[in-house]
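K.L.:
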Amino acid sequence: MHDKTLTELKAGLQAGDFSSRELTEHFLERIKRHDGELNSFITVTEEQALRQADAADQAIAAGDHRLLTGLPIAHKDIFCTEGVRTSCGSRMLDNFTAPYTATAVEKMAAEGAVMLGKTNMDEFAMGSSNETSFYGPVKNPWDTERVPGGSSGGAAASLAARLAPGATGTDTGGSIRQPAALNGVTGLKPTYGRVSRWGMIAFASSLDQAGPLGLSAADCALMLQAMAGHDDKDSTCLNEPVDDYLGALDQSVDGLKIGVPEEFFPDNLDGAIAENARDAMRELEKQGAKLVKLSLPSIKLSVPAYYVIAPAEASSNLSRFDGVRFGYRCENPTDLEDLYKRSRSEGFGAEVKRRILVGTYALSAGYYDAYYKRAQKVRRLIRDDFSRAFKDVDVIMGPTSPETAFKLGAKADDPVNMYMADVFTIAVNLAGLPALSMPSGFINGLPAGTQVIGNYFQEGRILNVAHRYQMATDWHQQAPGGFA
Amino acid sequence: MSHSGNWEVVIGLEVHVQLATESKIFSGTSTRTGDEPNRHASLIDLGMPGTLPVVNKEAIRNAIRFGLAVNADIARRSVFERKNYFYPDLPKGYQTTQLAEPIVGAGEVEVQLENGDKKVVRIHHAHLEEDAGKSLHEDFHGQTGIDLNRAGTPLIEIVSEPDMSGAEDAVAFARKLHSIVTSLGICDGDMSQGNMRFDVNISVRRPGEPLGTRTETKNLNSFRFMEKAIALEVARQIDVLEDGGEIVQETRLYNGETNTARSMRTKEDANDYRYFPCPDLLPVMVSEEEIQTLRDELPELPDARKARYIEQYQLSAYDADLLSGSIATARYFETAAEHGGDAKLAANWVMGELAAKLNAEDKDISDSPVSAEHLGELIQRLKDGTISSKIAKQVFEACWNGEGSPDRIIEAQGLKQMSDSGELEKIVDQVIADSPAQVEDYRNADDAKRKKKIGFFVGQVMKATQGKANPQQVNQLLQQKL
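Here you go:
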């Protein structure tokens with residue numbers, strides 16, 4: 001069953017080929033067998049999963065088929081899930097049992113989804129390799145000496161290893177798309193405001209966006225259909241109608257205009273990576289798409305702008321972790337200051353502390369204008385670049401990541417090098433646009449991904465492009481050996 | 485210590501007004517007070533991971549109402565920002581407030597001084613923000629308890645220009661603001677509960693010199709304390725400067741019980757609050773239409789009410805000012821005047837007997853045991869001659885003590901003024917017969933002295949009638965018979 005896509009499993013459940021309980025037990029069994037090696041889950045919610053599976057079977061028996069009825073889904077441990085530990089990959093929240101459930105998770109549950117567990121991630125979603133997790137790094141199932149990317153590394157690795165047929169992730173600077181690329185799966189970051197952030201532990205509020213990871217674009221469409229929509233509890237969640245993503249999948253791409261920014265193919269880019277992305281575009285060209293060269297001059301400033309804005313917001317968002325009301329508290333604090341200092345020093349890992357310090361600095365009196373304000377100006381320039389480009393093209397494409405999965409520890413002592421892993425994904429978050437990464441081949445046996453960026457609320461369009469590509473290719477169907 | 489030469493005092497106010505909305509500014513949790521700690525602390529108020537704020541539209545409307553009442557510019561777009569600092573009763577580690585783009589821009593307020601002068605105090609701006617919780621230091625054996633019931637209660641902070649030159653101006657301005665926000669109904673104005681809090685920025689200088697270094701005095705929970713605290717701080721600053729010292733920019737905490745103040749923190753201790761726009765909230769956009777609707781719906785404001793009292797009730801400007809100043813007093817007065825059928829009498833009673841009684845028992849007019857309707861009834865009885873003003877005070881007292889309505893009290897205690905002149909005549913005759921010496925003395929006196937001496941007989945008659953006789957009638961009868 002685990003070699004099937006979510007879409008295929010849905011059909012199987014409806015046809016009565018197997019029950020949700022059988023399906024759920026199968027994946028729980030696979031997690032038990034393989035996750036010791038991968039470490040892609042922080043918490044497996046077996047009991048709850050089986051309860052939900054039984055309820056789904058009853059619903060199916062009663063003819064109640066919803067979008068995700070009976071389908072097992074793994075949620076990133078950044079989403080609050082009532083009664084279940086929600087750690088955000090941090091010692092700070094190792095003891096935190098969420099008292100409520102995130103809207104995205106709740107919406108999927110309302111469509112009948114079964115929660116398998118909570119996936120591993122970089123601490124507070126800060127990282128591109130999943131090495132900053134308090135629960136240890138996740139291994140890439142294609143080569144367990146390599147990283148799965150991050151921060152949604154557990155989600156992508158569990159999918160690639162077929163330990164879960166569908167997963168949720170969050171993407172602040174590439175945290176869905178980069179691990180999707182490094183694990184050979186499909187991952188979509190929706191338009192900022194398309195999916196509610198309620199219950200999703202904030203890293204950088206103006207950039208964070210939840211989205212699905214799946215084995216295909218069609219699976220992502222199915223999950224997004226359930227996740228998307230307005231939420232009164234999130235003021236930044238937009239009140240736009242949710243498109244029919246599933247219905248749009250099969251549209252022709254004949255005449256589609258694909259923008260190819262020169263900035264996504266810099267001179268120093270690995271030739272194999274560049275060639276891989278060009279191959280993907282050529283495939284769409286075969287189906288009638290037209291390639292249009294263009295330039296997004298401001299996106300070369302996106303990494304520095306991002307590493308001001310994201311840490312600035314994070315420094316404030318993470319202030320609530322003070323040892324007073326929830327989460328980690330140091331032993332025997334001598335006074336308030338000691339409580340704050342030790343709880344935070346002991347509760348947060350090195351990368352989180354680094355970003356809190358960077359962000360605090362960027363917002364400090366005397367530096368605010370030079371850093372935060374300028375970064376916001378850059379952000380507007382980037383948005384303007386994309387807006388101009390989308391006057392001429394329907395989607396924009398390029399490589400998702402400048403490299404395939406790197407070795408564990410390879411960049412651990414070089415944060416700036418690590419930050420460059422998101423050089424092609426970050427601009428999309430700064431602009432608030434939707435984008436996905438789809439598997440587009442292998443380089444030296446490791447998956448490579450191609451990014452498809454759409455205009456605001458054009459999730460249906462980019463899913464359609466990826467789906468048409470996947471109709472003609474089988475990269476997304478490849479599974480790593482050893483996890484069969 | 486006496487101070488040499490002239491000093492000019494420069495005062496500006498920062499006023500926190502707790503908005504009387506049903507729910508908190510970002511969470512929908514009840515703003516009720518008085519319940520057990522943390523009863524009204526929702527996920528959002530606790531700053532739980534993953535929670536998000538949604539702004540309370542009524543709080544926005546209340547801020548706009550205030551802005552309109554002080555003729556301020558209303559920002560069509562205002563922005564919430566985060567003010568970052570750690571404190572146990574600040575759950576998120578930041579206060580959501582406004583800084584660069586507040587909802588209410590520059591405005592002004594006219595105040596009336598005791599000598600009849602008017603003065604305009606400019607408002608620099610007013611912004612919306614959330615209140616913090618409370619730290620409870622008692623009953624926790626050296627530890628601190630946190631109560632988040634108040635956390636997230638909406639406030640507007642009104643910042644004045646430094647347009648006041650002494651305690652009188654400052655208190656008049658503070659009272660005027662109190663009157664405006666209570667008239668608007670956006671705040672209950674209860675200063676003892678901290679629902680309106682005043683911080684006073686004070687500096688002194690020699691005439692013609694640039695502004696001196698200012699200090700900020702906090703914790704002024706009554707107008708009286710504000711007046712005293714200003715006097716105290718002005719004297720302190722002048723002392724320091726005349727001794728050749730320098731004023732340190734600092735925040736001072738006033739203690740009303742001891743009439744002393746101490747330094748809380750100096751500028752050097754000040755936090756860098758690292759303000760930045762709150763990414764969880766969209767800018768607040770207000771349309772012309774909404775503003776116009778709120779403008780059209782504004783209730784009568786203190787200035788208009790005062791003008792109406794002068795016009796409609798022929799009250800003096802001073803009386804009109806006193807009665808129109810607080811919405812509670814104004815409502816009470818108008819009800820009493822209507823029920824009593826005499827605005828002048830109602831004004832006298834409200835500012836006299838009632839005010840004295842409320843003051844003595846430290847009660848608010850809205851908690852007065854004598855309702856406005858009852859005071860009106862009392863005034864009616866006074867007007868129609870049923871009781872004398874002396875008896876009226878007795879009835880008022882009984883009514884205050886909960887003995888029922890004035891009519892019931894008059895009836896039950898037989899306090900009706902004696903209108904039967906035959907009966908009164910008998911008593912007068914009896915008093916004259918019982919006091920031969922005084923009668924002799926009276927008859928021998930000249931007119932001027934008689935006027936004084938007749939008082940004895942009046943007193944005797946009133947005593948005999950238990951005060952129920954009409955004093956004028958008694959006087960007439962005595963004059964005839966003597």
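Protein chains in written order, with our numbering: chain A, 1 to 484; chain B, 485 to 966.
Beta carbons: idealized from backbone N, C-alpha and C, even for Gly.
Applying the criterion that 16 or more other CB atoms from any shown protein chain within 10 Å of the CB defines a buried residue, is B:S771 buried or exposed?
P.N.:
exposed
K.L.:
Per DSSP, what kind of secondary structure is A:E283 in: helix, strand or coil?
P.N.:
DSSP places A:E283 within a helical segment (H, G or I) once states are collapsed to three.
K.L.:
Mind checking if B:D967 is an interface residue toward chain A, Cβ cutoff 8 Å exclusive?
P.N.:
Examination of residue 967 of chain B is not possible in this model, given that chain B is present from 485 through 966 alone.
K.L.:
Who are the neighbours of B:F657 on chain A, taking C-beta pairs under 8 Å?
P.N.:
None at all; the shortest Cβ gap to chain A is about 31 Å.
K.L.:
Since A:G187 sits in a beta bridge, which residues does DSSP pair it with?
P.N.:
A:L213, A:S437
K.L.:
With burial defined as no fewer than 16 other Cβ atoms inside 10 Å of the residue's Cβ, what is the status of B:K660: buried or exposed?
P.N.:
buried
K.L.:
Identify whether B:N546 lies in helix, strand or coil by the three-state DSSP scheme.
P.N.:
helix
K.L.:
Which residues of chain A have a Cβ atom closer than 8 Å to the Cβ of B:R708, listed in chain order?
P.N.:
Simply none; closest approach about 34 Å.
K.L.:
Taking all protein chains shown into account, decide if A:T7 is buried (16 or more other Cβ within 10 angstroms of its Cβ) or exposed.
P.N.:
Counting Cβ neighbours within 10 Å, A:T7 comes out buried, since at least 16 surround it.
K.L.:
Are the beta-carbon atoms belonging to A:D122 and A:L446 less than 8 Å from one another?
P.N.:
no
K.L.:
Could you name the residues of chain A that B:N540 contacts, counting a contact when the two beta carbons are closer than 9 Å?
P.N.:
The contacting residues do not exist; B:N540 stays about 12 Å from chain A at best.
K.L.:
So, does the region 73–93 of chain A touch the region 530–546 of chain B, judging by three or more C-beta pairs under 8 Å?
P.N.:
yes
K.L.:
Are the C-beta atoms of B:D529 and some chain A residue less than 8 Å apart?
P.N.:
no
K.L.:
Alpha carbon to alpha carbon, what distance is there between B:V732 and B:R465?
P.N.:
The structure shown has nothing for residue 465 of chain B, since chain B only spans 485 to 966.
K.L.:
From the DSSP output, in three-state form, read off B:D727 for me.
P.N.:
coil
K.L.:
Exposed or buried, what is A:V452 when buried is set at 16 or more other beta-carbons lying within 10 Å of its beta-carbon?
P.N.:
buried
K.L.:
Find the nearest neighbour of B:R927 within the set B:L574, B:L966, B:T744, judged by alpha-carbon distance.
P.N.:
The residue with the shortest Cα to Cα distance from B:R927 is B:L966.
K.L.:
According to DSSP, simplified to helix, strand and coil, what is B:M485?
P.N.:
Note that B:M485 has pLDDT 47, beneath the 50 cutoff, so the model's placement of it is unreliable and the number below is only indicative. It is coil, neither helix nor strand.
K.L.:
Go through its chain and collect everything with a Cβ distance to B:P767's Cβ below 6 Å, but skip five positions before and after it.
P.N.:
R561, V563
K.L.:
If we count the other Cβ atoms within 10 Å of its Cβ and call it buried at 16 or more, is B:F624 buried or exposed?
P.N.:
exposed
K.L.:
Of all the beta strand (DSSP E) runs that stay within the bounds of the region 700–758 of chain B, which reach a length of 3 or more residues?
P.N.:
734–739, 744–750
K.L.:
For chain A, find out if any of its Cβ atoms is closer than 8 Å to the Cβ of B:P767; answer yes or no.
P.N.:
Taking Cβ atoms only, chain A never reaches closer than 8 Å to B:P767, which makes this a no.
K.L.:
Might you give, ordered along the chain, the residues of its own chain that have their beta carbon closer than 8 Å to the beta carbon of B:L806, omitting 5 neighbours on each side?
P.N.:
T813, M835
K.L.:
With a 10 Å radius around its C-beta and 16 neighbouring C-beta atoms as the bar for buried, classify A:S87 as buried or exposed.
P.N.:
When all chains shown are included, A:S87 counts as buried.
K.L.:
Please tell me whether B:L536 has its Cβ less than 8 Å away from any Cβ of chain A.
P.N.:
yes
K.L.:
Specify the secondary structure class of A:K76 as computed by DSSP and reduced to three states.
P.N.:
If DSSP states are grouped into helix, strand and coil, A:K76 belongs with the strands.
K.L.:
With a threshold of 8 Å between beta carbons, is B:G577 in contact with chain A?
P.N.:
yes
K.L.:
Return no unless some Cβ of chain A is closer than 8 Å to the Cβ of B:D756.
P.N.:
yes
K.L.:
At a CB-CB cut-off below 8 Å, which residues of chain A make contact with B:R720?
P.N.:
Ordered by position in chain A, no residue passes the 8 Å Cβ test against B:R720, which lies about 30 Å from the chain.
K.L.:
Can you tell me which of the three DSSP states B:V499 falls into?
P.N.:
Of the three classes helix, strand and coil, the one that applies to B:V499 here is strand, per DSSP.
K.L.:
Between A:Y328 and B:I587, what straight-line distance do the alpha-carbon atoms span, to the nearest angstrom?
P.N.:
38 Å
K.L.:
How many Å lie between A:G154 and A:N39 at the Cα?
P.N.:
7 Å
K.L.:
Could you give the first and the last residue of the continuous beta strand (DSSP E) run that contains A:A448?
P.N.:
446–454
K.L.:
For A:A221, is the beta carbon positioned less than 7 Å from some heavy atom of the ligand FMN?
P.N.:
Of ligands this structure carries none, so the ligand FMN is not represented either.
K.L.:
Under 8 Å, CB to CB, which of the residues in the region 556–588 of chain B have a partner in chain A?
P.N.:
R566, N568, F570, P572, P575, K576, G577, Y578
K.L.:
Could you tell me which uninterrupted beta strand (DSSP E) segments, each at least 3 residues in length, are contained entirely in the region 623–663 of chain B, listed from first to last along the chain?
P.N.:
629–631, 638–644
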